[in-house]
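Asker: In terms of my numbering, the sequence shown is numbered consecutively and its last residue is 487.
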Amino acid sequence: MITRKPIQTLARVLGTLLIIAGITAFYFFIFNQANSTTVAMTFLLATLGVATAWGLLEAIIASVAGMLCFNFFFLPPILTFYLADSQNWVALFVFLVTAVVASQLSTSVKQRALEATRRREEMERLYELSRALMLVDKQSSTAGQISQRIAQVFAVDGVAVFDRETDQIYKTGAADLPISDTKLRDSALQATAFHDIQTNLSVLPLSLGREPVGSLAIYGASISDTALHAIGNLAAIVMERARAEATATRMEAARQNEAMKSMLLDALAHEFKTPLTSIKAAASSILDEAPPAQKELVAVIEEESDRLDSLVSETIRMARIEAGDLHLERRPQGAADLIKTAVQKLRILLEDRDIRIETDPALPDVLADAELVELTVRQLLTNALKYANPESPIIIRAAAADGVVKISVKDFGPGIAPKNLLKIFEKYYRVEDNTARIPGTGIGLSIARDIVKAHGGDIWVESVLGEGSEFFFTLPVAERLAEQKR
Numbered sequence: 002m003i004t005r006k007p008i009q010t011l012a013r014v015l016g017t018l019l020i021i022a023g024i025t026a027f028y029f030f031i032f033n034q035a036n037s038t039t040v041a042m043t044f045l046l047a048t049l050g051v052a053t054a055w056g057l058l059e060a061i062i063a064s065v066a067g068m069l070c071f072n073f074f075f076l077p078p079i080l081t082f083y084l085a086d087s088q089n090w091v092a093l094f095v096f097l098v099t100a101v102v103a104s105q106l107s108t109s110v111k112q113r114a115l116e117a118t119r120r121r122e123e124m125e126r127l128y129e130l131s132r133a134l135m136l137v138d139k140q141s142s143t144a145g146q147i148s149q150r151i152a153q154v155f156a157v158d159g160v161a162v163f164d165r166e167t168d169q170i171y172k173t174g175a176a177d178l179p180i181s182d183t184k185l186r187d188s189a190l191q192a193t194a195f196h197d198i199q200t201n202l203s204v205l206p207l208s209l210g211r212e213p214v215g216s217l218a219i220y221g222a223s224i225s226d227t228a229l230h231a232i233g234n235l236a237a238i239v240m241e242r243a244r245a246e247a248t249a250t251r252m253e254a255a256r257q258n259e260a261m262k263s264m265l266l267d268a269l270a271h272e273f274k275t276p277l278t279s280i281k282a283a284a285s286s287i288l289d290e291a292p293p294a295q296k297e298l299v300a301v302i303e304e305e306s307d308r309l310d311s312l313v314s315e316t317i318r319m320a321r322i323e324a325g326d327l328h329l330e331r332r333p334q335g336a337a338d339l340i341k342t343a344v345q346k347l348r349i350l351l352e353d354r355d356i357r358i359e360t361d362p363a364l365p366d367v368l369a370d371a372e373l374v375e376l377t378v379r380q381l382l383t384n385a386l387k388y389a390n391p392e393s394p395i396i397i398r399a400a401a402a403d404g405v406v407k408i409s410v411k412d413f414g415p416g417i418a419p420k421n422l423l424k425i426f427e428k429y430y431r432v433e434d435n436t437a438r439i440p441g442t443g444i445g446l447s448i449a450r451d452i453v454k455a456h457g458g459d460i461w462v463e464s465v466l467g468e469g470s471e472f473f474f475t476l477p478v479a480e481r482l483a484e485q486k487r
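Structure, rendered in structure tokens:
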């Protein structure tokens, strides 16, 4: 919408009156032989010219002024507004109506032409903006470049773009936009748009039908709603594309990292197990021919070689699980047997500890990967050994409940603060109060969680400060899963 200044309007009105006065003077004083039809047509042409050049207001003034001058100077009796002939009244009325209608039509055509020109210019600028936004530098802030490109292409006083992902606002042009940072953020968070006519400020959320990725404020330019929304869509597309590319880059980097990690693990496994195999073979050969006094020592070497080989295999498997390489080989397993096997593999660490196993006699089988469930029990038991008082017992329980077998490991250690309970299973998270004195990597519980979730079970912890903690996890009963498959 085009707005006028009062001085500009006054100048145009005076110009219109001067044109009518000039025509009147020409035909009355200089070329006074012209008939009334010629004079009327000249006034009409002048009115159309004014309508085309300036607008409807000036055209109406020209019509009225032309009618009055035509009546006063050119219709008999002249130099008076009185008309003796009724036909002159009709002619005067027809002149006025024709002038006004023609002015309206001319103004309408002009406005449509201006609107068409404006739309064409907006389309050209939108095309230019789209090309500019497609070439944004990936090394710099996308939102900041969007702000700069819009300000340059549309020649506005100021532009501000809020990036929801980084919670940053990027401004170009006027330092003091007539909008607070809070309102700009609210536009994105609440998906609301508004336009302030007084300050010529437009604000809209940047969205492609989903949750807004940010918001845009444009100040000091008259831009149509259609073009404004097109600008917003272009900005949203570019920001979404930048996000997608960044995510894809991170995923590819993670994939390559995991591939390298897998190759490194395989190499480490080979490097560790080759000498262990040689040590065990040598120990076995010596054991057959060793005197009785040495057989016990050689047996320890052989036993510890087996244990070290098992630790290497378990460490590598944990690393692969942590990397997302988790494959289950589920078969019906006795839960009590799984617990006993897991405890047996930790017998070196459990020499002087009071480990109590409490299981129901009629415990049903679970459908599980034996090695992974044993690994879960060992992780929970190792965690309890780290934090519990050495003189206190550790209780492992297993009981059937609602189609699952619930297994728990209870210690009588310092307990876990409520603020840490929700994060205890997160990767690399360790309780702040104990990180300095308790060794560990912070991935054991997260691996236990991944294994249990892969089996379709749940895992959680209950703890009281000063009394200890109890970790629970569930496994589906084999019979129930078989019934569901039927």
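A virtual CB, placed ideally from N, CA and C, is assigned to each residue, including glycine.
From K341, R357, E330, pick the residue whose C-alpha is nearest to that of A455; which is it?
Answerer: Of the listed residues, the one whose Cα sits closest to A455 is E330.
Asker: Got a sec: does the ligand HEM put a non-hydrogen atom nearer than 7 Å to the Cβ of E125?
Answerer: This structure simply doesn't include the ligand HEM, nor any ligand for that matter.
Asker: Which residues does DSSP list as the beta-bridge partners of D412?
Answerer: Bridge partners of D412: S470.
Asker: Give the range of the beta strand (DSSP E) segment to which Y429 is assigned.
Answerer: Per DSSP, Y429 belongs to no beta strand (DSSP E) and is neither H nor E.
Asker: Counting pairs of beta carbons, one from the region 252-272 and one from the region 228-243, are three or more of them closer than 8 Å?
Answerer: No, the region 252-272 does not touch the region 228-243.
Asker: As a quick exercise: from A284, S447, L376, pick the residue whose alpha carbon is nearest that of Y430.
Answerer: The shortest Cα separation from Y430 among A284, S447, L376 belongs to S447.
Asker: Count the other CB atoms, across all protein chains shown, that sit within 10 Å of the CB of P206; report buried if there are 16 or more and exposed otherwise.
Answerer: Answer is buried; the Cβ neighbour count reaches 16.
Asker: When you compare the CB positions of N390 and G414, do they come within less than 8 Å of one another, or not?
Answerer: Taking 8 Å as the Cβ cut-off, N390 and G414 qualify as a contacting pair.
Asker: DSSP three-state call for R244: helix, strand or coil?
Answerer: The answer is helix: DSSP assigns R244 an H, G or I state.
Asker: Given that a residue counts as buried once 16 or more other Cβ atoms are within 10 Å of its Cβ, and exposed if not, what is Y128?
Answerer: When all chains shown are included, Y128 counts as exposed.
Asker: Pick out whichever of A268, S64, N384, H328 has its Cα sitting closest to the Cα of Q105.
Answerer: Of the candidates A268, S64, N384, H328, the one whose C-alpha sits nearest the C-alpha of Q105 is S64.
Asker: Buried or exposed: where does K424 fall if 16 or more other Cβ atoms within 10 Å of its Cβ makes it buried?
Answerer: By the 10 Å Cβ count, K424 comes out exposed.
Asker: Touching or not, the region 236-253 and the region 191-205, by the rule of three or more beta carbon pairs under 8 Å?
Answerer: Result no; under three Cβ-Cβ pairs closer than 8 Å.
Asker: Within 10 angstroms of its Cβ, does G174 collect 16 or more other Cβ (buried), or is it exposed?
Answerer: When all chains shown are included, G174 counts as buried.
Asker: Determine the direct distance from the alpha carbon of R119 to that of D125, and round the result to whole angstroms.
Answerer: The question names Asp, but residue 125 is Glu in the sequence shown. If you take the alpha carbons of E125 and R119, they lie about 10 Å apart.
Asker: Could you check if A402 is buried or exposed, using at least 16 other CB atoms within 10 Å of its CB as the buried criterion?
Answerer: A402 comes out exposed.
Asker: Mind checking G467: buried by the 16 CB within 10 Å criterion, or exposed?
Answerer: Exposed, because fewer than 16 other Cβ atoms sit within 10 Å of the Cβ of G467.
Asker: Go through the region 251-326 residue by residue and report every complete run of the alpha helix (DSSP H) that reaches 4 residues or more, in order.
Answerer: Runs found: 293-323.
Asker: Leaving out five residues before and five after S37 in sequence, what residues of the same chain have Cβ atoms less than 8 Å from its Cβ?
Answerer: Hits under 8 Å: F71, F75, L76, A92.
Asker: L202 and L130: beta carbons closer than 8 Å?
Answerer: Against a cut-off of 8 Å, the Cβ pair of L130 and L202 comes out as no contact.
Asker: Decide if V101 is buried, meaning its Cβ has at least 16 other Cβ atoms within 10 Å, or exposed.
Answerer: V101 comes out buried.
Asker: Using C-beta distances below 6 Å, list every residue in its chain close to I151, excluding the 5 sequence neighbours before and after it, in chain order.
Answerer: Cβ within range, chain order: V160.
Asker: With burial defined as no fewer than 16 other Cβ atoms inside 10 Å of the residue's Cβ, what is the status of V405: buried or exposed?
Answerer: When all chains shown are included, V405 counts as buried.
Asker: From this set, A268, E297, Q295, E304, which residue's C-alpha is nearest K281's C-alpha?
Answerer: Closest by alpha carbon: E304.
Asker: Buried or exposed for Q146, going by 16 or more other Cβ atoms inside 10 Å?
Answerer: It counts as buried.
Asker: Since I believe A237 is in contact with S208 (beta carbons under 8 Å), could you give me their beta-carbon distance rounded to a whole number of angstroms?
Answerer: The pair is a contact, with the Cβ atoms about 6 Å apart (cut-off 8 Å).
Asker: When we look at the beta-carbon of N33 and count the other beta-carbons within 10 Å, is it buried (16 or more) or exposed?
Answerer: Per the 10 Å Cβ criterion, exposed.
Asker: How would you label F82, buried or exposed, when you count the other beta carbons within 10 angstroms and need 16 or more for buried?
Answerer: Looking at its Cβ environment, which holds fewer than 16 other Cβ atoms inside 10 Å, F82 is exposed.
Asker: What first and last residue would you give for the beta strand (DSSP E) that runs through T200?
Answerer: Careful: T200 lies outside any beta strand (DSSP E) and carries neither H nor E.
Asker: Checking 8 Å against the spacing of the C-beta atoms, do P213 and A243 come in under that value?
Answerer: Against a cut-off of 8 Å, the Cβ pair of A243 and P213 comes out as no contact.
Asker: Mapping the DSSP letters down to three states, classify R165 as helix, strand or coil.
Answerer: Correct three-state label for R165: coil.
Asker: Give the single residue among A343, E272, A336 whose Cα lies nearest to the Cα of A479.
Answerer: Among A343, E272, A336, the Cα nearest to that of A479 belongs to A336.
Asker: Below 8 Å on the Cβ atoms is my contact criterion, and I expect L376 with I317 to pass it. Report the Cβ-Cβ distance as a whole number of Å.
Answerer: That pair is no contact at about 12 Å.
Asker: Helix, strand or coil for I397, going by three-state DSSP, please let me know.
Answerer: DSSP places I397 in strand when its eight states are reduced to three.
Asker: Determine the burial state of K172: buried for a count of at least 16 other Cβ atoms within 10 Å of its Cβ, exposed for fewer.
Answerer: That one is buried.
Asker: Using only alpha-carbon positions, find the residue among G56, L45, R121 that is nearest to V95.
Answerer: Cα-wise, what sits closest to V95 is L45.
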